[in-house]
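S.K.: Oh and the sequence shown: position 15 is 1039 in this note's numbering, straight run, nothing missing.
All residues carry an ideal CB built from backbone N, CA and C; glycine is no exception.
Owing to the predicted nature of the structure, the values given are computational and were not obtained by experimental measurement.
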Amino acid sequence: MDLVDTDKQKGLSVTVWETYSHLLSQAGSEVPPLEKVERFAFYERAKKSYAVVATGETALYGNLILKKGVLPAEFLE
1025 MDLVDTDKQK GLSVTVWETY SHLLSQAGSE VPPLEKVERF AFYERAKKSY
1075 AVVATGETAL YGNLILKKGV LPAEFLE
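1. Which residues mark the beginning and the end of the alpha helix (DSSP H) in which threonine 1039 is found?
2. Among the residues of its own chain, which have a CB less than 6 Å from the CB of glycine 1086, if the five just before and after it don't count?
3. What whole-angstrom Cβ distance do valine 1038 and arginine 1063 have, given they're in contact under 8 Å?
4. Out of Thr1082, Glu1042 and Ser1073, which has the shortest C-alpha to C-alpha gap to leucine 1058?
5. Between which two residues does the alpha helix (DSSP H) harbouring tyrosine 1067 extend?
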């Protein structure tokens, strides 16, 4: 979820995004940059999700939507 305007104006730094990017890159495949989605658009996308997982993450803007895909054949061997 992207920063709301007031947090952008404050210059809020969201370190959890860097942490997520690092963890995803360690998964062993190419990971596109994280996409930031406007707050209410994020909520609408979340409503259409197959599953919602609630975690104990307390970081500001620590919300993610993960999109599953197809694994390349070399990962299945």
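M.R.: On the basis of the supplied data:
1. 1039-1049 is the extent of the alpha helix (DSSP H) around threonine 1039.
2. Val1040
3. Actually they are not in contact, since the Cβ atoms of valine 1038 and arginine 1063 sit about 13 Å apart, beyond 8 Å.
4. In terms of Cα proximity to leucine 1058, the closest of Thr1082, Glu1042 and Ser1073 is Glu1042.
5. 1063-1071 is the extent of the alpha helix (DSSP H) around tyrosine 1067.
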